[in-house]
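Numbering (our numbering), first residue to last: 133 to 262.
Just so it is clear, CB atoms sit at the ideal spot from N, CA and C, and this is done for glycine as well.
Worksheet: the structure to be examined is printed underneath.
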């Protein structure tokens, strides 16, 4: 039986898992939980990258920890996109207009905030736009 290399997404997941463990072992496991997090939920990638930046400012970071934080940047970006999508859904559920959302986000127009929402949710193609 011939074995092949794991898919690129599996390789990235393994790298991120290793990076997460490295930063948790470096002290991130002691980060306080946010009130909305379940007690067993591990720190987010955003929190782990922040932890690495803090360690760097303290002069206590290793090269391996910098590598770990860099590895988690793409996961942190994905988490931020999820947060942005969540607050956009919340704003719309609260009755905010796209214009109001746009002003709050510092965007140029209501259309810009709607386009951003569409990009984040992947709805552009389903709406027949390109």
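For my contact list, residue i and residue j are in at a C-beta cut-off of 8 Å; report their separation, rounded to the angstrom.
| i | j | result |
| --- | --- | --- |
| residue 216 | residue 176 | Residue 216 to residue 176, Cβ: 14 Å. No contact. |
| residue 187 | residue 158 | 7 Å |
| residue 178 | residue 145 | Not a contact, Cβ separation roughly 17 Å. |
Which residue from the options puts its Cα closest to that of residue i?
| i | options | result |
| --- | --- | --- |
| residue 147 | 233, 241, 201 | 201 |
| residue 154 | 248, 141, 197 | 197 |
| residue 224 | 241, 207, 206, 249 | 249 |
| residue 150 | 219, 203, 161 | 203 |
| residue 219 | 139, 205, 185, 245 | 245 |
| residue 251 | 144, 213, 241, 172 | 213 |
| residue 253 | 221, 152, 235 | 221 |
| residue 184 | 170, 205, 233, 169 | 205 |
| residue 199 | 138, 152, 169 | 152 |
Which residues in the same chain have their Cβ closer than 8 Å to the Cβ of residue i, if we skip the five residues on either side of it in sequence?
| i | result |
| --- | --- |
| residue 156 | 174, 175, 180 |
| residue 229 | 242 |
| residue 141 | none |
Give me, in chain order, the residues of the same chain whose beta-carbon lies closer than 7 Å to that of residue i; leave out the 5 immediate sequence neighbours on both sides.
| i | result |
| --- | --- |
| residue 237 | 245 |
Going by beta carbon distance, what residues of the same chain come within less than 6 Å of residue i, once the five residues before and after it are set aside?
| i | result |
| --- | --- |
| residue 261 | Unreliable placement is indicated for residue 261, whose pLDDT of 48 sits below 50; the coordinate value is still reported in the next sentence. Contacts found: none. |
| residue 239 | 245 |
| residue 160 | 175, 180, 183 |
| residue 233 | 223, 245 |
| task | Evaluate the contact criterion for the region 190 to 200 versus the region 162 to 169: three or more CB pairs, one atom per stretch, below 8 Å. | result | Verdict: no, contact absent.
| said: Report the start-end ranges of each alpha helix (DSSP H) in the region 159 to 238 that is 4 residues or longer and not cut off at the edges. | reply: You should have 177 to 189, 195 to 225, 230 to 237.
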